[in-house]
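Here is the structure we will look at.
Residue numbers (this note's numbering): 149 to 247.
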């Protein structure tokens with residue numbers, strides 16, 4: 149995905165990110181760029197990796213391949229102390245319907 153025209157510089161970039169749970173590959177070579185000021189929606193069928201993708205961005209799950217970088221100049225997302233500043237803007241809705 150590309151950042152939308154009129155938005156700021158990239159704030160999150162994912163390059164060839166892959167994630168496995170055992171032998172089951174949940175994410176396969178994900179490339180994603182989110183620009184400052186841009187809002188995105190990640191949707192798809194159950195089991196397609198939406199929650200895992202967000203959990204990887206939030207450092208709740210490690211990735212096995214690829215990289216996630218934050219802001220410019222790019223730095224390793226997992227080692228960047230500025231990550232918490234970006235993380236405050238990420239949100240995740242529950243996977244189950246309200247009762």
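Using N, Cα and C, we set each Cβ at its ideal position, and we do this for glycine too.
Predicted model, so just to flag it, every value in this text is computed and none were measured.
Using 9 Å as the threshold, is the C-beta distance between residue 214 and residue 163 below it? Yes. Within cutoff.
Out of curiosity, what's the CA-to-CA distance linking residue 200 and residue 172? 13 Å
Nearest to residue 204 by alpha carbon, out of 217, 193, 192? 217
Following the continuous alpha helix (DSSP H) through residue 180, name the residue where it begins and the one where it ends. Note, residue 180: premise wrong, no alpha helix (DSSP H); beta strand (DSSP E) at 172 to 183.
Within 10 Å of its beta-carbon, does residue 182 have 16 or more other beta-carbons around it, so buried, or fewer, so exposed? Label assigned to residue 182: buried.
Going by CA-CA distance only, name the one from 168, 176, 202 that's closest to residue 160. 202
Pick from 167, 156, 155 that is closest to residue 207, judged by C-alpha positions: 167
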